[in-house]
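Going by the numbering used here, the first residue of the sequence shown is number 882, and it counts up by one from there.
Idealized CB from N, CA, C, for every residue including glycine.
Just so you know, these numbers come straight off a predicted model, no measurement behind them.
Report on the following structure.
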Amino acid sequence: MGSLLSLLRGGSGGHSGGLSRSSRETQASARFAKQFNEFIFNLGDVRNAQYVEENFPEGNRILRVGLELLERVSAYNDGSNEVRMAISQPTQENEEAAWRKVGPSVALLRECFEFAQSVDLMQNAFAFDALKASIPAIQNDFSYYRRTLSRSAQTQDADIARYIIPHDVSNQMSLFYAYHNPMVRTVIDSATKFAQESGNQQIVLDCLSALAAGSASTVKHARADSAKSERMCMLVLVTCCILYDWISPKGVSDAQSGIDAKAALDLVSERTLVDSTPADKVLRANCRTLR
């Protein structure tokens, strides 16, 4: 976000001294959209991936961690049978069996929770929330875990004790997973907090508008060099709409919005964003005013 703000603040090569702030920001947004289009056109060039890996090692590492977590969640090993048995026949043996099954899953959910608190990656957020929606056992396993946490915390069984989570952490996780879109919600909260506390709310909104315009234009006029590049543009467009909707007091659907929400919705309506999930469904599900 910092680099985008710098670009929008940057003026036009020192020749905009007589222009109003509004005019300077308009020129900056147009220039940014042009640069964005040029970037998308060359997105498939292998040198881009090499450049990111060499110059942004931490960002590259975070992306890899996120993908690894997504792979593990997609192979989620639920404890439905064991939990059902422990509830219907609540013996110590059945409860311990359920915990041995649920424990590793909750440990994975904790990793995802901690990952969400430390990074703002909407791409991983969309994918994780789609997986959560498709795996009811995630919520069921964690609910059982929390119900029996106090009792299981007294165990002498090392295999069970290793999965005991402090109550304050389990409470935070419970609030996190209560959302239908926990990962996306975390990114939204982080972006909204930044925009409000930095005093750069309008600049952030202008930046999102420019990104949305560039990505929408690339998709609409088929300028992407590959299906992967086009999908990335769709991701950027949907992300910008969602963040704009929460950061702007009036939302993305307002008549004065810097993003044409209806046009964006029409553009993404027949495309998929995450697996087989329609992009317009992802957009509507995560927006505040766009329904």
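Would you kindly report the start and end of the unbroken beta strand (DSSP E) that includes Thr1170?
On the sequence shown, residue 1170 is found 289 positions in, with the first residue counted as 1. Careful: Thr1170 lies outside any beta strand (DSSP E) and carries neither H nor E.
The beta strand (DSSP E) with Thr1153 in it runs from where to where?
Translated into positions along the sequence shown, residue 1153 becomes position 272. Taken as a continuous stretch (DSSP letters only), the beta strand (DSSP E) holding Thr1153 covers Thr1153 to Val1155.
If Ala1039 and Ala1097 are in contact, beta carbons under 8 Å, what's the gap, nearest whole angstrom?
Residue mapping note: residue 1039 aligns to position 158 of the sequence shown, counting from 1. Residue mapping note: residue 1097 aligns to position 216 of the sequence shown, counting from 1. No, Ala1039 and Ala1097 are not in contact; Cβ-Cβ is about 55 Å, not under 8 Å.
Run through DSSP, which three-state label would Pro985 get?
Indexing the sequence shown from 1 puts residue 985 at position 104. Note: Pro985 maps to helix in three-state DSSP.
To the nearest angstrom, how far is the alpha carbon of Ala1105 from that of Glu1111?
For this step, residue 1105 is matched to residue 224 along the sequence shown. For this step, residue 1111 is matched to residue 230 along the sequence shown. Each residue's Cα considered, the two are about 5 Å apart.
Between the C-alpha atoms of Ala1166 and Pro938, what's the straight-line distance to the nearest angstrom?
By 1-based counting over the sequence shown, the position of residue 1166 is 285. By 1-based counting over the sequence shown, the position of residue 938 is 57. Distance between the alpha carbons of Ala1166 and Pro938: 33 Å.
The ligand MN and Glu952: does the residue's C-beta get closer than 7 Å to at least one heavy atom of that ligand?
Among the components modelled here there is no ligand, and therefore nothing to report on the ligand MN.
Between which residues of its own chain and Tyr1025 is the CB-CB distance below 7 Å, once the five residues before and five after are set aside?
Stepping through the sequence shown from its first residue, residue 1025 is reached at position 144. Hits under 7 Å: Val964, Ala979 and Val983.
What did DSSP end up calling Leu1159 once you bin it into helix, strand or coil?
Position 278 of the sequence shown, counted from the start, is the residue given in the question as residue 1159. Contrary to the premise, residue 1159 reads as Pro rather than Leu in this sequence. It is a strand residue.
Could you tell me how far apart the beta carbons of Asp1126 and Cys1088 are, in whole angstroms, since I believe they sit closer than 8 Å?
If you number the sequence shown from 1, residue 1126 lands on position 245. If you number the sequence shown from 1, residue 1088 lands on position 207. So it is not a contact: roughly 15 Å between Cβ atoms.
Round the Cβ separation of Gly1139 and Ser1090 to the nearest angstrom and send it over; I've been treating them as touching at under 8 Å.
As a working mapping, residue 1139 is identified with position 258 in the sequence shown. As a working mapping, residue 1090 is identified with position 209 in the sequence shown. So it is a contact: roughly 3 Å between Cβ atoms.
Determine the DSSP secondary structure at Ser1031, reduced to helix, strand or coil.
Residue numbering aside, residue 1031 sits at position 150 when the sequence shown is read from its first letter. Helix, per DSSP.
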